[in-house]
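Residue numbers (this note's numbering): 627 to 1050. Built from N, CA and C at the ideal position, the CB exists for glycine as well. Values in this document were obtained by computation on a predicted structure and should not be read as measured data. Working notes, structure below.
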Amino acid sequence: MEAFTYRSGALHVEDVPLSRIAQEVGTPAFVYSTGAMEAAYRAYADAFAGMDVLVCYAMKANSNLAVIRTFAALGAGVDVVSGGELAQARAAGLTGDRIIFAGVGKTREEMAQGLEAGILEFNVESEPELRALNEVASAMGRRAPVAVRINPDVDAATHEKISTGRKKDKFGIPWERAREIYSLAGELPGIDAEGIAVHIGSQLTSLAPYRAAFTRMGELARVLLADGVTLRRLDLGGGLGIDYAGEDVPSAADYARVARETLGDLGLPMVTEPGRSLVGNAGVLLARVVFVKDEGRRFVICDAAMNDLIRPTLYDAWHDVVPLLEPAPGAVMGEADFVGPVCETGDYLALERQAPPFAPDDVIAFRSAGAYARVMASNYNSRPHAPEVLVRGDHFAVVRPRQRLEAMWADEVMPPWLAGGDTA
Ligand SMILES: *Cc1c(COP(=O)(O)O)cnc(C)c1O
């Protein structure tokens, strides 16, 4: 579903002109389309129709409560990676039986929180973690449901910083050691080892690494079943890429077909953990042009910056630049850099783009800003967090208002020796 379209020359999100949101909510602002999120979820649900598969939204991509609830209402579970996300998922209304807890560094406190919440599965990534979880669960008189995250040693062929399934990456247990770990797990009274998990990276644009990883998982599953391990679940991880710059990406249906072909005959329930592919292209970041500086190189200086959207400078990410007013057919295009006001050369949103003329006060949408955008934002340069807006059909709601300036330092405390207020 294409949620962002020009109608009579005005960029709309579903049935709402983005200019109306910019006017009423101000800029910068994140805007999300419910229809686009629902369509992305349904693509997974339809792709796995007939199989017992729980889609667990990886909420680190966008943890706004309204976003989480949008997916939960469709039947999704969530994948969390911290005690904070666990608490936030619960605040959004998720029950433990639909929560999966991943991550290489769960503290004992976080383990206890997960057990308390009765979560579906801990994805365990190392032997020390397995032993610690056993101790925590035993002390609570519980057994922790565990899937061992194996590192299948496949190259996801994605950006260096988001590849997670190679031997040199910090994630998972080497697949060659997996059998040994399940055998250990079988002896630990606080552990129910009942699943296998993989997650090989993010923004994958090819199915081949999935096929390699799932094949390896299938081989292991057969070995474990022969060993007498009671497997209840296979967790496929997430990572399906999205189209940022016109690239060809596999569909959820293609991805599900690979899972079916490699693992379907095992007849086991499955979990999938998509994040980016459920929300990435459902969002935009709206920014207003402050100045245009053209001294040989055209800089379009915006009111949004790297603190709002760090992906371009962190991952060399591409976000399409779309004017709210459709350029006239004969508009003269020229190269431009879209930058923010932050005092860093790395503060840019888009470089060397062919773009129509822009003038101060024009509003621009930076596309694909639904995932790993607002969640990675900071208050750098004491810039308050941009608001988040959720659209559904012809109406919209501010689901998190713009941060008040005072809120940025409201939690700070003066030490006694500075508390007098005398600054002379
Ligand atoms: C980040 C993450 C995901 C989601 O990845 P996407 O690329 O956003 O789909 C899924 N599972 C785990 C364990 C993760 O860390």
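Am I right that A773 and G821 are in contact with their C-beta atoms under 8 Å? What's the rounded C-beta distance? 3 Å
Would you say the beta carbon of D880 comes nearer than 6 Å to a heavy atom of ligand 1? no
Cβ of V762 less than 7 Å from any chain C Cβ? In summary, chain C is missing from the structure at hand, where a single protein chain is found.
Residues bridged to F925 (per DSSP): F925 pairs with K919, D963.
Which runs of the beta strand (DSSP E), 3 residues or longer, sit entirely within the region 969-1014? 974-981, 989-992
Tell me which residues share the same chain as A715 and place their Cβ nearer than 8 Å to its Cβ, disregarding the 5 neighbours each side in the sequence. The residues are M685, I694, V704, V706, I725.
Based on the DSSP output, what are the partners of R914 in its beta bridges? V989
Hey, V1015 and Y658 are a contact pair by Cβ (cut 8 Å); roughly how many whole angstroms apart? 7 Å
Measuring straight from C-alpha to C-alpha, what distance separates A852 and R775? Roughly 19 Å separates the two Cα atoms.
Residue closest to D869, alpha-carbon to alpha-carbon, out of D641, M1034, R993, I788: With distances taken between Cα atoms, D869 lies closest to R993.
Determine the contact status of A666 and L904, defining contact as a CB-CB distance below 7 Å. Yes, they are a contact pair.
Simplified DSSP state of P754, which is helix, strand or coil: helix
Which residues does DSSP pair with E748 in a beta bridge? The sequence as given places Phe at residue 748; Glu does not occur at that position. Beta-bridge pairing links F748 to F727, V772.
So the alpha helix (DSSP H) E813 belongs to, where does it begin and stop? 804-813
For the alpha helix (DSSP H) containing P654, name the first residue and the last one. No alpha helix (DSSP H) holds P654; DSSP gives it neither H nor E.
Can you tell me whether F630 is buried or exposed, with buried defined as 16 or more other CB within 10 angstroms of its CB? buried
For the structure I just gave you, are there three or more beta carbon pairs, one from the region 943-950 and one from the region 1019-1038, closer than 8 Å? With a cut-off of 8 Å, the region 1019-1038 and the region 943-950 do not count as touching, because too few Cβ pairs lie within range.
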